[in-house]
Amino acid sequence: MRKIVEWLFVLSLIFAIWVSKLIGIISVQSECVSTILNWLPFHLLLIFGTVSVVIVLYRTFNFNDCPEASTELMKLVNEAKRDLAHRGLTVES
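This is how it looks when you write it as structure tokens:
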């Protein structure tokens, strides 16, 4: 819970600075800094999307296969099929 509060605090701080610049409370002398602040939400959203895609792809490609768990699961499925067949219910594979 603390981490989300930290993130929300930082995002609200950035949002407050951006809105203050847009409505004229903060005046920026440099044209370069002004342009960067105008496009800040778009850039943050683009960076967030890129990082999210990279994390999902990395974790997908590095997903570990667990043969022991697979064989144990198949044993449990076969045991359940035998139990159901014993009770008169047929299960097709």
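Every letter in the sequence shown is one number past the one before it in UniProt numbering, and letter 61, counting from 1, is 61. Every residue, glycine too, gets a C-beta built ideally from N, C-alpha and C.
{"Check": "Cβ atoms of Ile14 and Leu57: under 9 Å apart, would you say?", "Outcome": "no"}
{"Check": "Could you tell me the alpha carbon to alpha carbon distance between Lys21 and Cys32, rounded to whole angstroms?", "Outcome": "13 Å"}
{"Check": "Out of curiosity, what's the CA-to-CA distance linking Glu6 and Ser12?", "Outcome": "10 Å"}
{"Check": "Could you tell me whether any non-hydrogen atom of the ligand SAH is closer than 8 Å to the CB of Phe42?", "Outcome": "You won't find the ligand SAH in this model; it holds no ligand whatsoever."}
{"Check": "Which same chain residues end up closer than 7 Å to Pro41 when comparing Cβ atoms and leaving out the 5 residues on each side of it in sequence?", "Outcome": "Trp18"}
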